[in-house]
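J.:
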Amino acid sequence: MPKYNFADRVLSLQPSIIREIFKYASVPGMIPFAAGNPDADAFPKEDLEEISRRIFETRPIDALQYSITEGYPPLRDALRGLHAGIMKDYDDVIITSGAQQVMNLVTQSLCNDGEIIICESPSFIGSLNAFRSFNAKLAGVPMEDDGMDLNALESIIKSNRNAKFIYCIPNFQNPTGIVTSFEKRRGIYDLARRHGLLILEDNPYGDTRFAGEEIPAIKSLDEEGIVIYAGTFSKVISPGLRVGYAVAPAEVLQKMTVCKQGSDVHTNIYAQILADEFIKTRDYPAHLARIKEIYKKKAALMCGALRADMPEMPFIEPRGGLFIWGTLPEGADMIAFAKEAVERKVAVVPGNAFLINESDPCSSIRLNYSTPADEQIKRGVKILGGLLRETM
Numbered sequence: 030m031p032k033y034n035f036a037d038r039v040l041s042l043q044p045s046i047i048r049e050i051f052k053y054a055s056v057p058g059m060i061p062f063a064a065g066n067p068d069a070d071a072f073p074k075e076d077l078e079e080i081s082r083r084i085f086e087t088r089p090i091d092a093l094q095y096s097i098t099e100g101y102p103p104l105r106d107a108l109r110g111l112h113a114g115i116m117k118d119y120d121d122v123i124i125t126s127g128a129q130q131v132m133n134l135v136t137q138s139l140c141n142d143g144e145i146i147i148c149e150s151p152s153f154i155g156s157l158n159a160f161r162s163f164n165a166k167l168a169g170v171p172m173e174d175d176g177m178d179l180n181a182l183e184s185i186i187k188s189n190r191n192a193k194f195i196y197c198i199p200n201f202q203n204p205t206g207i208v209t210s211f212e213k214r215r216g217i218y219d220l221a222r223r224h225g226l227l228i229l230e231d232n233p234y235g236d237t238r239f240a241g242e243e244i245p246a247i248k249s250l251d252e253e254g255i256v257i258y259a260g261t262f263s264k265v266i267s268p269g270l271r272v273g274y275a276v277a278p279a280e281v282l283q284k285m286t287v288c289k290q291g292s293d294v295h296t297n298i299y300a301q302i303l304a305d306e307f308i309k310t311r312d313y314p315a316h317l318a319r320i321k322e323i324y325k326k327k328a329a330l331m332c333g334a335l336r337a338d339m340p341e342m343p344f345i346e347p348r349g350g351l352f353i354w355g356t357l358p359e360g361a362d363m364i365a366f367a368k369e370a371v372e373r374k375v376a377v378v379p380g381n382a383f384l385i386n387e388s389d390p391c392s393s394i395r396l397n398y399s400t401p402a403d404e405q406i407k408r409g410v411k412i413l414g415g416l417l418r419e420t421m
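Residue numbers (our numbering): 30 to 421.
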């Protein structure tokens, strides 16, 4: 075999630990607390089947032919309506192959090698790896109960003058489930504005809120054209459709469009039509309400199980999203705990996977309640509780 000379920008990249752990889901009997899949009962299967049949009966060529890079125009119009409260006159919409592609296109469009992206720490590993793949350097801001530590954020901005944007997940942050308060959303926006930075606001979980009051998006504050808003239908219709989108100033989207043309030409047009028809021909608010009820019950079930079987482990009680962030007691070896959990057929994600620097100390784990069945939640937490007591 030849010696392969890989590009410098990929030499340090490692597979996503979540994707690697996800492979354990195929092991018979494995309880998938490490996954991030929506509950299969949340998929509107019958509606999508009927819509699909109608598409291929009445307009098959539209679904099978090439389309434009910016996205299916009726779906873009629908998104303009859904997000009328955050869009400004200078904003537009692009449809992407999942929200993950927004991270790629924004970084490709804005960042030169070695420039800084400021991120919450911990944060979503998929986005962090996307940033790293373009040779961006990451600067992590510690999280508080209501979002980024603003003092730390300002200090990091001042010490990283070549930073390009701030990345944040204000609603039910992955992995912690933290919701950024309105005061901190305004604080993040004001710091970015004063220091000439953009903000990439990632909101994959906002429509899953089942507790607490809605908080305006950072994008709703945007009067200077500095916020790029990323959304997706993955958590509310189907992740397999791979339909995401960005709302951003048209000038930014123009560059993202050129980058997308060199990547995948356009997002799956059949999936875009399917999403658009679902929004317009079904009771979309009722569908979202049903999803919220599913996750409210599953989150309550896991929280109750954790209180009963793992009282030694404090956790952040979710108000939406798909995850619970728990912190093992002082002295526990988190990595050893996660490895032994897999041996006992309960897959969890080690918390250090989400850190900007994975070698930093971490004693937290991420648990998913949307994927496992109710019985698996109860049994899996009981197994983890027994393991924790043995460990301690």
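A virtual CB, placed ideally from N, CA and C, is assigned to each residue, including glycine. As the structure is a prediction and not an experimental result, all values here were calculated from the model.
Out of 250, 93, 420, state which residue places its alpha-carbon closest to the alpha-carbon of residue 364.
T.: 420
J.: Is the region 179 to 196 touching the region 332 to 341, taking contact as three or more C-beta pairs under 8 Å?
T.: no
J.: For residue 59 and residue 117, what's the separation of their Cα atoms in angstroms?
T.: 47 Å
J.: For residue 106 and residue 305, I'd like the C-alpha separation in whole angstroms.
T.: 9 Å
J.: Can you name the residues that DSSP bridges to residue 150?
T.: In DSSP, residue 150 forms a bridge with 171.
J.: For the region 155 to 240, which segments carrying the beta strand (DSSP E) assignment without a break, of at least 3 residues, lie completely within its bounds, in sequence order?
T.: Segments of the beta strand (DSSP E) lying fully in the region 155 to 240: 166 to 173, 192 to 197, 227 to 231.
J.: So is residue 290 buried or exposed if we call it buried at 16+ other beta carbons inside 10 Å?
T.: exposed
J.: Start and end of the alpha helix (DSSP H) containing residue 385?
T.: Per DSSP, residue 385 belongs to no alpha helix (DSSP H) and is neither H nor E.
J.: Would you report the Cα separation of residue 171 and residue 210, rounded to the nearest angstrom?
T.: 15 Å
J.: Can you tell me where the beta strand (DSSP E) holding residue 353 begins and where it ends?
T.: 352 to 356 is the extent of the beta strand (DSSP E) around residue 353.
J.: Check for me: the alpha helix (DSSP H) holding residue 429 runs from which residue to which?
T.: In the structure displayed, the chain extends from 30 to 421; residue 429 sits before or after that span and is not available.
J.: Around the Cβ of residue 326, are there at least 16 other Cβ atoms within 10 angstroms (buried) or fewer (exposed)?
T.: exposed
J.: Got a sec? Which residues, its chain only, sit under 6 Å from residue 260 by beta carbon, not counting five neighbours each side?
T.: Annotation for residue 260: 232, 274 place their beta carbon closer than 6 Å to its own, counting only its chain and skipping 5 residues before and after.
J.: Do you know offhand how far residue 343's Cα is from residue 350's?
T.: Inter-residue distance for residue 343 and residue 350 is about 18 Å (C-alpha atoms, whole angstroms).
J.: If distances are taken between C-alpha atoms only, which option among 98, 113, 292, 203 comes closest to residue 66?
T.: Among 98, 113, 292, 203, the Cα nearest to that of residue 66 is on 203.
J.: Can you tell me whether residue 257 is helix, strand or coil according to DSSP?
T.: strand
J.: Determine the extent of the beta strand (DSSP E) in which residue 275 is found, giving its start and end residues.
T.: 273 to 278
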